[in-house]
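In what follows, a structure is listed as structure tokens, so that the remarks can point back to it.
Number of protein chains: 2
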Amino acid sequence: MPRTGLPEPISRLIEELSKLPGIGEKNATRLAFHIFRSSEAYARSLSSAIIRTKSDVSTCSTCFNFTEKDPCAICSDPSRDPQVLCVVEEPLDLLAIERSGEFRGKYHVLHGVISPLEGVGPEDLRIKELITRARHENIREIIVATGTNVEGEATAVYLSRTIKPLGIKTSRIAYGIPVGGDIEFIDELTLGKALRDRKEM
Amino acid sequence: MPRTGLPEPISRLIEELSKLPGIGEKNATRLAFHIFRSSEAYARSLSSAIIRTKSDVSTCSTCFNFTEKDPCAICSDPSRDPQVLCVVEEPLDLLAIERSGEFRGKYHVLHGVISPLEGVGPEDLRIKELITRARHENIREIIVATGTNVEGEATAVYLSRTIKPLGIKTSRIAYGIPVGGDIEFIDELTLGKALRDRKEM
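Here you go:
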């Protein structure tokens, strides 16, 4: 509605920006006005970054991580253990695990989680490809590192039910008290889980 | 921080998107991933909308409304009263007033409000140009239609103090109960103002 009467290029920009997730029309209008008032250099730079993201980046055909060449650097690294796969929701999760320095196996990026509420089923994720890898690569263990919310849990359960029958060990990353966490401030669910999952010292 | 390890085009896109107002790095990352996963057609269309907004839209050199040609359609409309100017903060305010169908004069768009907290002073707005118009065009009345928040009020006061000495009538749009508004649900400030500004029937 507020678009009527704006020059066509601005109202088209508002329309395109409104298609982005979480950007309503009001927000899109604010962004479009900002872009109009920014420097020519910024507009050119933003616009070319969008195009380059589409043209120069793809997903690795093996693990589906973002990459500029296929297979990606991790999949083609001979020093990494090809028998252990860590399954993550998103490329950023993979990067976080890499930063921990604790994992030297390979990855599989699902690009989302099963979420019936948002209409995301197993067929919308890279699960079929994970099963194919599980069947054809010589894999010893699959570590499921999806999130600890309801969708992440449901996805983990679905994966373990699908993978276990293939005779592959399936594990889930551990829940517990964050390192450095003060016990009195930890929520009861986490604390309960940390107690149940205690390890002998 | 989450950028390390992402392909360069994606991390550049995240960086460019983070420069937009209200878009933090986390949000920018989500948007960049979304753009990566969108169709080529959407990326091309978004990117060209950005470029076209910068190249094909300018502000009218008289009233500073957004326009594709200069002077804009309103400034060059001979049927409109050139002696009454309505001063607004943003082009969207102008459009809202046009939709009301109640105004047949011309406009002046400030492109913001005076806001010391955000470092916006009179010199950052199109106020100098408004004074020039007030001095040199044959203007009978200037209606200040800035917002009713603190900044909008302060800007209105500043304008009236600057314009009145030039011998031009300055008015402020009326505050009051929204048309169709239920009195019991109106906030006390608005109701108080509506009572003080009552008109004889």
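Chains as they are written, first to last, in my numbering: chain A, 15 to 215; chain B, 15 to 215.
Note that beta-carbon positions come from the ideal geometry of N, C-alpha and C, so glycine has one too.
Proximity to residue i [Cα-Cα], best of the options
i: D211(A); options: G190(A), G195(A), P35(A), P136(A); result: G190(A)
i: A87(B); options: P21(A), I182(A), K207(A), R175(A); result: P21(A)
i: R51(B); options: L144(A), P35(A), T184(A); result: P35(A)
i: G181(B); options: I145(B), F199(B), K213(B); result: I145(B)
i: P105(B); options: N79(B), K83(B), L203(B); result: N79(B)
i: L131(A); options: R94(A), E165(A), L209(A); result: E165(A)
i: T96(B); options: E137(B), L108(B), I141(B), F117(B); result: Note that residue 96(B) is Pro in the sequence shown, not Thr. Checking every option, the nearest Cα to that of P96(B) belongs to F117(B).
i: S53(A); options: A110(B), T67(B), A208(B); result: T67(B)
i: T160(A); options: R147(A), D107(A), E202(A), G133(A); result: D107(A)
i: P136(B); options: E103(B), K207(B), I28(B); result: E103(B)
i: R147(A); options: Y121(A), T43(A), G115(A); result: Y121(A)
i: I111(B); options: D84(B), I187(B), E214(B); result: I187(B)
i: P192(A); options: A208(A), P179(A), V171(A); result: A208(A)
i: A42(A); options: K178(A), H48(A), I28(A); result: I28(A)
Residue i, enclosing alpha helix (DSSP H) - first and last residue
i: V123(A); result: No alpha helix (DSSP H) contains V123(A), which is instead part of the beta strand (DSSP E) from 120 to 123.
i: E112(B); result: 105 to 114
i: V164(B); result: 164 to 177
i: G206(A); result: 202 to 210
i: F47(B); result: 39 to 51
i: E143(B); result: 141 to 150
i: D70(B); result: 54 to 70
i: P23(B); result: 22 to 32
Integer Cβ distance of residue i from residue j, believed to fall under 8 Å
i: L99(B); j: I153(B); result: 6 Å
i: H125(B); j: L139(B); result: 6 Å
i: I156(A); j: T184(A); result: 5 Å
i: C89(B); j: T73(B); result: Going by Cβ atoms, the distance from C89(B) to T73(B) rounds to 11 Å, so no, they are not a contact pair.
i: P23(B); j: D70(A); result: 5 Å
i: V158(A); j: V123(A); result: About 13 Å separates the two Cβ atoms, so there is no contact after all.
i: G119(B); j: R94(B); result: 6 Å
Residue j beta carbon less than 9 Å from that of residue i
i: R26(A); j: A63(B); result: yes
i: G38(B); j: R113(A); result: no
i: T169(A); j: I128(A); result: yes
i: L31(A); j: A46(A); result: yes
i: L173(B); j: I200(B); result: no
i: K40(B); j: L60(A); result: no
i: I197(A); j: L205(A); result: yes
Where the beta strand (DSSP E) through residue i begins and ends
i: R186(B); result: 183 to 186
i: I156(A); result: 155 to 158
i: L99(B); result: 98 to 102
Cβ-heavy atom distance, residue i to the ligand GTP, below 8 Å
i: T67(A); result: The model on display carries no ligand, and the ligand GTP is accordingly not part of it.
Using a Cβ-Cβ cut-off of less than 8 Å, list which residues of the stretch 71 to 85 of chain B approach chain A; keep chain order. V71, F80, T81, E82
Please name the residues in the stretch 28 to 50 of chain B whose beta-carbon is closer than 9 Å to at least one beta-carbon of chain A, in chain order. I28, E29, E30, L31, K33, L34, P35, G36, I37, N41, T43, R44, L45, A46, F47, H48, I49, F50
Return the residues of the stretch 102 to 136 of chain B that lie within a Cβ-Cβ distance of less than 9 Å from chain A, sorted by chain order. E104, P105, L106, L108, L109, A110, E112, R113, H125
Under 9 Å (Cβ pairs) to chain A, residues found in the stretch 51 to 69 of chain B: R51, S52, S53, E54, Y56, A57, R58, S59, L60, S61, S62, A63, I64, I65, R66, T67, K68, S69
Contacting positions in the stretch 178 to 211 of chain A - beta carbon closer than 8 Å to chain B: none
Which of the residues in the stretch 139 to 153 of chain B, read from start to end, lie with their CB under 8 Å from any CB of chain A? none
Any residues in the stretch 154 to 174 of chain B with a beta carbon nearer than 8 Å to a beta carbon of chain A? Which ones, in chain order? none
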